[in-house]
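Number 279 in the UniProt record's numbering belongs to position 279 of the sequence shown; there are no gaps in the numbering.
Each residue gets a CB set at the ideal place from its N, CA and C atoms; glycine is no exception.
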Amino acid sequence: MLSRRRFSLSKPHPILFRMLMSSGSGSQVIQNMEEGHFPIHVNNVRSKLRELVGASTNWRDHVQAMNERKSLHTLLAKTQADLPPRKMKDSYIDVILPLGSQPEIREKYLNMQNTVRFGRILEDLDSLGVLICYTHTKNEATLRSPLSIVTALVDKIGLWKQHIHPDCDIKFTGNVSWVGKTSMEVKIHMLQLLDAIYSPVLDATFVMVARDPENKRPAFVNPLIAETPEEEKILKEGEKNKIRRLESSRASLLKVAPTADERNIIHNMFLNTLDSRTVSFRSRVLLPNSVWMQDTKLKGLEICHPQERNIFNRIFGGFLMRKAYELGWATAYSYGNSRPYVVAVDDIMFQKPVEIGSLLLLSSQVCYTEKNNIQVRVHSEVYDPDTRVHHTTNVFHFTFVIEKEIPDVVPKTYGESMLYLDGKRHFDSVMKENTT
Ligand SMILES: CCCCCCCCCCCCCC(=O)SCCNC(=O)CCNC(=O)[C@H](O)C(C)(C)COP(=O)(O)OP(=O)(O)OC[C@H]1O[C@@H](n2cnc3c(N)ncnc32)[C@H](O)[C@@H]1OP(=O)(O)O
1 MLSRRRFSLS KPHPILFRML MSSGSGSQVI QNMEEGHFPI HVNNVRSKLR ELVGASTNWR
61 DHVQAMNERK SLHTLLAKTQ ADLPPRKMKD SYIDVILPLG SQPEIREKYL NMQNTVRFGR
121 ILEDLDSLGV LICYTHTKNE ATLRSPLSIV TALVDKIGLW KQHIHPDCDI KFTGNVSWVG
181 KTSMEVKIHM LQLLDAIYSP VLDATFVMVA RDPENKRPAF VNPLIAETPE EEKILKEGEK
241 NKIRRLESSR ASLLKVAPTA DERNIIHNMF LNTLDSRTVS FRSRVLLPNS VWMQDTKLKG
301 LEICHPQERN IFNRIFGGFL MRKAYELGWA TAYSYGNSRP YVVAVDDIMF QKPVEIGSLL
361 LLSSQVCYTE KNNIQVRVHS EVYDPDTRVH HTTNVFHFTF VIEKEIPDVV PKTYGESMLY
421 LDGKRHFDSV MKENTT
């Protein structure tokens with residue numbers, strides 16, 4: 001079988017496009033194009049979402065809009081079996097981001113290196129993932145949806161390309177790929193028009209959760225049925241993904257001790273950094289070409305203004321991802337002294353909603369390095385200055401690559417060693433994914 005090496009610093013592999021087209025997602029793309037689906041302009045995704053939940057366009061009307069949503073409680077299903085099953089193609093959506101054909105929208109997406117701001121793409125992926133779920137759960141008989149659909153997890157985003165061109169059209173396609181009782185897995189593909197052909201840029205898997213109109217309790221979503229053996233396989237993969245997520249949560253270093261191999265790695269690093277001139281466990285020295293993990297940190301603060309709200313009057317998940325990504329990118333940049341390129345994003349768990357008005361503290365650090373790869377972890381928490389209480393809202397994991405040699409990051413404390421091992425687990429899973 002061909003190696004699906006998702007990302008390298010070399011030119012994109014021409015075979016990738018054909019592979020995508022021959023995989024489940026690709027044939028879905030062709031099938032739906034043939035069935036005459038018209039793409040939605042990216043600027044219309046948010047307005048569609050606003051209409052679906054009846055969100056206010058002005059902040060001053062948000063309380064009234066939320067009160068109106070309460071009456072939608074009666075539309076919620078009592079059991080999942082009360083809802084009609086849906087097919088994968090029912091939630092299929094094409095969205096166009098016409099950077100090539102509509103130059104006026106480029107500005108928002110442009111970075112200093114004349115490529116596309118990946119943080120903006122994260123925002124679009126998040127809104128699109130939610131719209132796909134609303135399409136899956138749509139009840140033609142009602143204008144408004146009683147569901148509040150929120151992002152629970154960015155399972156993974158793997159990039160096929162190093163550069164995203166700022167002047168070529170982009171297309172997103174996606175559909176619901178697995179359904180639980182109240183949660184939905186969504187797969188999204190992003191392609192860019194180069195030399196008259198759409199080539200893959202990235203693949204993303206999100207998990208969205210449906211809640212009642214007030215976003216207080218979980219709410220049932222329509223079951224999903226497979227129509228073809230290919231779709232059956234996608235459904236089974238979704239089930240496996242759910243099990244994998246549970247297993248990795250059980251094995252979290254916050255809950256259980258590291259494995260024997262991992263303990264060896266940490267102990268060897270500890271021995272390598274003991275000062276041979278003193279007979280002390282406390283005197284530590286860095287090997288050449290390495291950096292203490294504690295010296296790799298960058299921090300940021302965001303005041304969460306209403307402008308960044310989502311349709312449920314909380315802070316938009318895509319905005320949180322953009323801010324975390326940009327801080328993570330700057331962390332990798334200052335660590336490697338050279339422009340980093342994102343390879344993968346994985347396992348971003350949205351643990352708690354961020355309320356409007358919160359002070360959001362972002363803290364980023366390099367937690368693992370291997371060859372010219374940098375694994376960055378960004379922790380975000382909200383802080384209430386009145387009570388001085390902190391709450392973690394998200395942990396973000398980004399994998400970057402740099403075009404030159406970088407120093408090794410070295411943990412000093414036990415806590416940092418756990419961050420190192422967690423970073424290594426994330427990096428290894430990204431690499432495994434890239435080569436299978
Ligand atoms: C107004 C103008 C605005 C303009 C437009 C703006 C842009 C448009 C914006 C559009 C909107 C953009 C979007 C935004 O901006 S959404 C904003 C970002 N996201 C959030 O704020 C979510 C914060 N987190 C939470 O609220 C809770 O943790 C949630 C609700 C997620 C879970 O809560 P809780 O833990 O209590 O849930 P439960 O125990 O009852 O389980 C319920 C189900 O959830 C499944 N589950 C849970 N966690 C995970 C996980 N990590 N991986 C996989 N699955 C997970 C679980 O298996 C179960 O599934 P099932 O077995 O039932 O199937």
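According to the Cβ coordinates, are residue i and residue j closer than 7 Å?
{"i": "ILE225", "j": "SER177", "result": "no"}
{"i": "ALA210", "j": "ILE149", "result": "yes"}
{"i": "LYS171", "j": "TYR198", "result": "yes"}
{"i": "PRO340", "j": "ALA330", "result": "no"}
{"i": "PRO213", "j": "HIS73", "result": "yes"}
{"i": "VAL366", "j": "THR296", "result": "yes"}
{"i": "ALA324", "j": "GLY158", "result": "no"}
{"i": "TRP160", "j": "PRO218", "result": "no"}
{"i": "GLY328", "j": "VAL376", "result": "yes"}
{"i": "VAL53", "j": "ILE356", "result": "no"}
{"i": "VAL378", "j": "PHE396", "result": "yes"}
{"i": "residue 437", "j": "ASP94", "result": "The chain is shown from 1 up to 436; residue 437 falls before or after that span and cannot be answered."}
{"i": "residue 494", "j": "ILE132", "result": "Nothing about residue 494 can be reported from this structure: the residues present for the chain run from 1 to 436 only."}
{"i": "GLU416", "j": "MET293", "result": "yes"}
{"i": "PRO258", "j": "LEU421", "result": "yes"}
{"i": "THR137", "j": "LEU153", "result": "no"}
{"i": "ILE348", "j": "ASN372", "result": "no"}
{"i": "MET88", "j": "GLU231", "result": "yes"}
{"i": "LEU298", "j": "SER380", "result": "no"}
{"i": "GLU308", "j": "PHE316", "result": "yes"}
{"i": "CYS304", "j": "SER358", "result": "yes"}
{"i": "VAL430", "j": "THR399", "result": "yes"}
{"i": "LYS156", "j": "ASP346", "result": "yes"}
{"i": "ILE96", "j": "HIS41", "result": "yes"}
{"i": "TRP59", "j": "PRO306", "result": "yes"}
Write down the C-beta distance between residue i and residue j rounded to the nearest angstrom, noting that I regard them as a contact closer than 8 Å.
{"i": "ASP169", "j": "PRO85", "result": "About 34 Å; that fails the 8 Å criterion."}
{"i": "ARG314", "j": "PRO353", "result": "4 Å"}
{"i": "ASP408", "j": "SER283", "result": "No, ASP408 and SER283 are not in contact; Cβ-Cβ is about 20 Å, not under 8 Å."}
{"i": "PHE427", "j": "TYR335", "result": "Not a contact, Cβ separation roughly 15 Å."}
{"i": "LEU301", "j": "LEU361", "result": "6 Å"}
{"i": "SER91", "j": "THR151", "result": "In fact, because the Cβ distance is near 16 Å, the residues do not count as touching under 8 Å."}
{"i": "LEU83", "j": "ASN222", "result": "4 Å"}
{"i": "LEU49", "j": "VAL130", "result": "6 Å"}
{"i": "PHE220", "j": "THR79", "result": "7 Å"}
{"i": "GLU76", "j": "THR142", "result": "Glu is not the amino acid found at residue 76; the sequence shown has Leu there. Actually they do not touch by this definition, with Cβ atoms about 11 Å apart."}
{"i": "THR273", "j": "VAL285", "result": "6 Å"}
{"i": "MET269", "j": "VAL410", "result": "6 Å"}
{"i": "LEU193", "j": "GLY100", "result": "6 Å"}
Per DSSP, which residues does residue i bridge with? Please list them.
{"i": "THR435", "result": "Answer is none; THR435 lacks a bridge partner."}
{"i": "ALA344", "result": "GLY158, THR399"}
{"i": "residue 438", "result": "Since the first and last residues shown for the chain are 1 and 436, residue 438 lies out of range."}
{"i": "TYR368", "result": "GLN375"}
{"i": "THR205", "result": "LYS156, LYS187"}
{"i": "TYR198", "result": "LEU193"}
{"i": "ASP94", "result": "THR173"}
{"i": "SER252", "result": "Bridge partners of SER252: none, in fact."}
{"i": "THR392", "result": "GLU381"}
{"i": "GLY300", "result": "LEU362"}
{"i": "ASP408", "result": "SER290"}
{"i": "residue 437", "result": "Given a span of 1 to 436 for the chain in the structure shown, any question on residue 437 remains unanswerable."}
{"i": "ILE40", "result": "VAL95"}
{"i": "ILE149", "result": "ALA210"}
{"i": "LEU110", "result": "VAL116"}
{"i": "PRO218", "result": "ARG211"}
{"i": "VAL179", "result": "MET184"}
{"i": "ARG309", "result": "ILE315"}
{"i": "residue 437", "result": "Because the chain spans 1 through 436 in this model, residue 437 falls outside it and cannot be assessed."}
Quiz prompt | Cβ contact (3+ pairs, closer than 8 Å) linking the segment 106-118 and the segment 178-185 | solution = no
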